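Protein chains in written order, with the working numbering: chain A, 1 to 421; chain B, 1001 to 1368.
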């Protein structure tokens, strides 16, 4: 990955409006170093290092993002995330326990109580997402003034729940309006110092841009379903479905799967461009030129690197096996001897088990590193470099307001496995 | 040596940049047009994140968000020398990382010790506090579950049931149980016997078929009464729930934690159940001794069912103690004087026939 190590001043004046420059200083090598170091530390600390690793990664990304020559700064600390996680445990454990007891005590309502748990966890998850954003924002400063957020996480969670039901019922057609409500709720409650945020994107706009992709994916699925149902109908009537038609349906399904996988990054890019266009902070507005192809390339790079790593690990495994074979004797015999001697294993046999366990951990670790490098560093870089900003001058003289928020939301998000950065 | 440098200062109150002179006075003095904006005591000055090679400072005893930005030049080197605790909080420094590692290991050790000693102790103390009515609820729920896996239809012939009742009556008296026992022989062909929460005991027909004397059956049932007496199902439920929670806490989302959690859970839960089995064996030995019968046949039956078991390292994950080890313990506990047989030969034969003659068709009557 040497091409990312080269450090250049990422602000590209070509696209930027005169005066206002946003950019990202590339230093993928250092980010990769943080990831590798963090992965090892996570293993020896039984995973506790994750709070500090998250903080290190954010500090890297924030500080390398520059607006008009001054970098952003992430001032959150790992210790805050640890505390947030512990508080989240204190809240979630009694809930889990109560639901567990209800489930045993009232067997006839067990199905109901697990439904209750799912509902509860969904609401907590939405709440956590909102509060985690609030935490991250209030730990973000630029030119000595912090970004911050107000708004009730529960009000957000309840409404998000209603909206998402609507989205499901409309087969996704209501998604643009849900997105508009969601972003507007968040941005209305967002501030930089005393400059308030707002969101001016419209649902109809997003709908028009995304409708083609909806037809391709959801519409395509409906069409395929109808075709399959009509084939069943023909068979019920006792007639034969022409062989060519069956093959055509199979081909169509394959094509649809491929097209949907490719459509996803294009959809994300549409959503991102629409979001950037709608965001306001004071009089500052954004514009993004992010293309779906860029995101697709990112996903393909992840897949490529994972495959490459897989091949690499297989080769390394084969070489180790060969060395053992040549140096210590017939591998097949050694293995069968190891399993036969489980009763009184020698040091050599225990060592073999330990080496196998370490090998397994290393493989998983390497995949995690690749995934994080691309979904955090490269995605962040691509997105920031696609941005242009206008009217930053209107933020001149903004007064510091707002307080830091607790990391409770981050803790909940961590224990519920939701959340992004 | 230059005692003054220049830089940009944000006061943390507004985002207006101040072009300032920086002086190394009694404190780090930040001066704009001859007016001192701030004086930062050197020991409170810390480094702030920078990405473009600039030298960025903050302070712990002034405005939290105030930042002083200077070029990283000769003067910056002097400032660096003057501020003794500049990098003391850097979380990527060796000392900070070392502290996190040490505390994490301490947390891991304390969680492991809690799992090995604290949770069994807590379960021991908590189990008597669980109301019996709750245990009965639990028992009924488990019963339904068991019924979906095994054939738990009761076997019932007049003579067989009478013999079974007699046998149960003899072993219940010395066992001294806190709850009423409801024992029955069921049709499942698996050689096993189980005790459910709330005092229900099932002797599977498969085990009865393998038994060669009333003493063996009495031993097995007395062992199950041991589980009832110690309320083992309740205790193991509390213990297993507790360890799952602790291990989840410990491993969080480390890559590969799924496998690690599974391995750790298997090891600890196996050690809990092995202890429970040993205690139940203890009660079985006690009961048989008080009836003047040797517990050795119980051990022989167990070995007959399991076959030789010693598997070296794999013993650690076994849920029961080794049959060899159990037989040894029971053989050593034979009473000096032999009491009367528990059942007469006729009663024993009717008990063996309680499920009717063994039919090859019955082999498949477990719902799986």
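Where a beta carbon is used, it is the ideal one built from N, C-alpha and C, also for glycine.
Just so it is clear, the structure is predicted and the values come from calculations on it, not from any experiment.
Chain A contact for residue i (CB, 8 Å cutoff)
i, result
"residue 1010 of chain B", "yes"
"residue 1321 of chain B", "no"
"residue 1197 of chain B", "no"
"residue 1240 of chain B", "no"
"residue 1030 of chain B", "no"
"residue 1304 of chain B", "no"
"residue 1016 of chain B", "yes"
"residue 1050 of chain B", "yes"
"residue 1097 of chain B", "yes"
"residue 1104 of chain B", "yes"
"residue 1100 of chain B", "yes"
"residue 1107 of chain B", "yes"
"residue 1066 of chain B", "yes"
"residue 1203 of chain B", "no"
"residue 1013 of chain B", "yes"
Of the residues the options, the one placed nearest residue i, counting alpha carbons only
i, options, result
"residue 355 of chain A", "A/316, A/389, A/392, A/386", "A/316"
"residue 276 of chain A", "A/286, A/268, A/267", "A/286"
"residue 1202 of chain B", "B/1268, B/1072, B/1222, B/1281", "B/1222"
"residue 1324 of chain B", "B/1019, B/1307, B/1338", "B/1307"
"residue 64 of chain A", "A/381, A/392, A/398", "A/381"
"residue 205 of chain A", "A/358, A/180, A/223", "A/180"
"residue 265 of chain A", "A/294, A/237, A/243, A/250", "A/294"
"residue 1100 of chain B", "A/46, A/273, A/328", "A/46"
"residue 359 of chain A", "A/318, A/411, A/395", "A/318"
"residue 1351 of chain B", "B/1188, B/1195, B/1165", "B/1165"
"residue 302 of chain A", "A/124, A/143, A/368, A/76", "A/368"
"residue 142 of chain A", "A/73, A/88, A/77", "A/73"
"residue 361 of chain A", "A/138, A/313, A/50", "A/313"
"residue 1340 of chain B", "B/1321, B/1331, B/1294", "B/1294"
Whole-number beta carbon distance between residue j and residue i, since they are thought to touch under 8 Å
i, j, result
"residue 151 of chain A", "residue 189 of chain A", "3 Å"
"residue 155 of chain A", "residue 126 of chain A", "Between residue 126 of chain A and residue 155 of chain A the Cβ distance is about 10 Å, and since that is not below 8 Å, they are no contact."
"residue 1242 of chain B", "residue 1119 of chain B", "4 Å"
"residue 1048 of chain B", "residue 1057 of chain B", "6 Å"
"residue 22 of chain A", "residue 389 of chain A", "5 Å"
"residue 414 of chain A", "residue 31 of chain A", "That pair is no contact at about 21 Å."
Residue-chain proximity (residue i, chain B), Cβ-Cβ < 8 Å
i, result
"residue 409 of chain A", "no"
"residue 63 of chain A", "yes"
"residue 141 of chain A", "yes"
"residue 317 of chain A", "no"
"residue 145 of chain A", "yes"
"residue 190 of chain A", "no"
"residue 49 of chain A", "yes"
"residue 71 of chain A", "yes"
"residue 59 of chain A", "yes"
"residue 310 of chain A", "no"
"residue 405 of chain A", "no"
"residue 46 of chain A", "yes"
"residue 399 of chain A", "yes"
"residue 52 of chain A", "yes"
Local conformation of residue i per DSSP, three classes
i, result
"residue 398 of chain A", "coil"
"residue 228 of chain A", "helix"
"residue 102 of chain A", "helix"
"residue 383 of chain A", "helix"
"residue 136 of chain A", "helix"
"residue 1335 of chain B", "coil"
"residue 150 of chain A", "coil"
"residue 302 of chain A", "helix"
"residue 1154 of chain B", "strand"
"residue 1003 of chain B", "coil"
"residue 1320 of chain B", "coil"
"residue 409 of chain A", "helix"
"residue 391 of chain A", "coil"
"residue 1235 of chain B", "helix"
"residue 1254 of chain B", "With a pLDDT of only 47 at residue 1254 of chain B, under the threshold of 50, the placement of this residue in the model should not be trusted, and no figure is reported."
"residue 1014 of chain B", "strand"
"residue 510 of chain A", "Outside the modelled stretch of chain A, which goes from 1 to 421, sits residue 510 of chain A, for which no answer is possible."
beta-carbon residue i near the ligand PLP non-hydrogen atom, thresh 7 Å
i, result
"residue 1037 of chain B", "This structure lacks the ligand PLP; in fact it carries no ligand of any kind."
Continuous beta strand (DSSP E) assignments of at least 3 residues falling wholly in the region 1156-1232 of chain B:
Residue ranges of uninterrupted beta strand (DSSP E) with 3 or more members, entirely inside the region 1156-1232 of chain B and ordered along the chain, are 1182-1186, 1193-1195, 1200-1204.
Of all the beta strand (DSSP E) runs that stay within the bounds of the region 44-78 of chain A, which reach a length of 3 or more residues?
Within the region 44-78 of chain A, the complete beta strand (DSSP E) runs of at least 3 residues are 65-67.
Please give me, in chain order, every unbroken run of the alpha helix (DSSP H) with length at least 4 that falls completely inside the region 1265-1313 of chain B.
You should have 1296-1306.
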